[in-house]
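Below: the structure, in structure tokens.
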Amino acid sequence: MQILEEKTLGIKSWSPEDRPREKLILKGRASLSDAELIAILLGTGTATMSAVDLAKRILLCADNNINRLAQLTVKDLVKIKGVGEAKAISIIAALELGRRRKSSDADKPAITSSKLAFDVLKSDLTDIPHEEFWIMLLNRGNRVVKKQKISLGGVSGTVADPKIIFKLALDELASGIILAHNHPSGNLEASVADLDLTRKLKEGARLLDIQILDHLIIAEDRYFSFADEGLL
Numbered sequence: 001m002q003i004l005e006e007k008t009l010g011i012k013s014w015s016p017e018d019r020p021r022e023k024l025i026l027k028g029r030a031s032l033s034d035a036e037l038i039a040i041l042l043g044t045g046t047a048t049m050s051a052v053d054l055a056k057r058i059l060l061c062a063d064n065n066i067n068r069l070a071q072l073t074v075k076d077l078v079k080i081k082g083v084g085e086a087k088a089i090s091i092i093a094a095l096e097l098g099r100r101r102k103s104s105d106a107d108k109p110a111i112t113s114s115k116l117a118f119d120v121l122k123s124d125l126t127d128i129p130h131e132e133f134w135i136m137l138l139n140r141g142n143r144v145v146k147k148q149k150i151s152l153g154g155v156s157g158t159v160a161d162p163k164i165i166f167k168l169a170l171d172e173l174a175s176g177i178i179l180a181h182n183h184p185s186g187n188l189e190a191s192v193a194d195l196d197l198t199r200k201l202k203e204g205a206r207l208l209d210i211q212i213l214d215h216l217i218i219a220e221d222r223y224f225s226f227a228d229e230g231l232l
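Residue numbers 1 to 232, in full-length UniProt numbering, belong to the letters of the sequence shown in order.
So, in structure tokens, the structure goes:
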């Protein structure tokens, strides 16, 4: 009995409508799976696996979660067999473009709830392994005037200077400020330091006829609102 050696078929041997690039042209980008989109970024696979198979391996290393994939660095990605530096950089660049698109300031709605504030700020405060402190400045109609990173810290804390915050608010003639920082640990509980800083900023803002409207703690796709919890 003759045993046939199993061979890995390259993408070029697939039907045109199944090849990621051709499929995108024929059926549109929405028809592609995450693995197929990543395969287009990779361009090629390896001697033993197609670009799509390699993309599936990459996704598996991120628990098949695009948000977790966005947290990986070049050093993380090149540890995956078949992924070199060029492929890793292509993936990270594409995910960063997606993050920037989500964080675009164009056509922002009036901020009338903590959920809307979270939607505007979450792309800036997710997928990062350290704490950052941001502010969102609003006009009298509660529309976003500007959002700005105030500080960058370590994995368990960052410092926000009230002088910098109020100078930015005065420069932009802001009527309201929404404070925000992330907790990379995923813990949404407000610390004593968080409560003290919020109180200090609220007292200072009152003297300048500016309102501190909320303080959000963001952890991936979840958030804690000081306003909603009656802590302002």
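Glycine included, every Cβ here is placed at the ideal spot set by N, Cα and C. These figures come from a predicted structure and were not determined experimentally.
So, is residue i buried or exposed, given that buried needs 16 or more other C-beta atoms within 10 angstroms?
i, result
"ASP105", "Unreliable placement is indicated for ASP105, whose pLDDT of 49 sits below 50; no coordinate value is reported for it."
"THR126", "buried"
"THR198", "buried"
"ILE217", "buried"
"LEU163", "Before going further, note that residue 163 is Lys rather than Leu in the sequence given. It is exposed - the Cβ of LYS163 has fewer than 16 other Cβ atoms within 10 Å."
"VAL145", "buried"
"ASP214", "buried"
"GLU229", "exposed"
"SER225", "buried"
"LYS147", "buried"
According to DSSP, which residues form a beta bridge with residue i?
i, result
"GLN148", "ILE135"
"ALA93", "DSSP lists no partner for ALA93."
"ALA160", "DSSP, once it has assigned bridges, lists no residue as partnering ALA160."
"ARG100", "According to DSSP, ARG100 bridges with nothing at all."
For chain B, find out if any of its Cβ atoms is closer than 8 Å to the Cβ of residue i; answer yes or no.
i, result
"LEU207", "No chain B is part of this structure, which consists of one protein chain only."
In the structure shown, what three-state DSSP assignment does residue i receive?
i, result
"ARG222", "strand"
"LEU213", "strand"
"ALA55", "helix"
"ALA110", "strand"
"GLN2", "Because GLN2 sits at a pLDDT of 44, beneath the cut-off of 50, its placement in the model cannot be relied upon, and the following sentence gives the value as read from the coordinates. Correct three-state label for GLN2: coil."
"ARG19", "coil"
"ARG143", "strand"
"GLY230", "coil"
"ILE165", "helix"
"ILE80", "coil"
"residue 266", "Since the first residue of the chain shown is 1 and the last is 232, residue 266 is not available in this structure."
"GLU85", "helix"
"LEU173", "coil"
For the beta strand (DSSP E) that residue i lies in, which residues bound it at each end?
i, result
"ALA179", "It is Leu, not Ala, that sits at residue 179 in the sequence shown. Start and end: 176-182."
Which residues bound the alpha helix (DSSP H) around residue i?
i, result
"ALA193", "192-207"
"VAL74", "74-77"
"ASP127", "ASP127 -> no alpha helix (DSSP H), and no H or E assigned at all."
"ASP34", "34-42"
Within its chain, find whatever has a CB closer than 8 Å to the CB of residue i; leave out the 5 residues flanking it on each side and keep chain order.
i, result
"LEU208", "PHE166, ALA169, LEU170"
"HIS130", "LEU152, GLY153, GLY154, VAL155, THR158, PRO184"
"ASN182", "LEU125, THR126, ILE128, GLU131, GLU132, ILE217, ILE218, ALA219"
"ARG57", "MET49, ILE80, LYS81, GLY82"
Using C-beta distances below 7 Å, list every residue in its chain close to residue i, excluding the 5 sequence neighbours before and after it, in chain order.
i, result
"VAL78", "GLY84, GLU85, ALA88"
"ARG222", "LEU188"
For residue i, which residues from the same chain have a beta carbon less than 6 Å from its beta carbon, with the 5 sequence-adjacent residues on both sides left out?
i, result
"GLN71", "ASP127"
"ASN142", "ALA110, ILE111"
"ALA205", "ILE212"
"LEU69", "ALA62"
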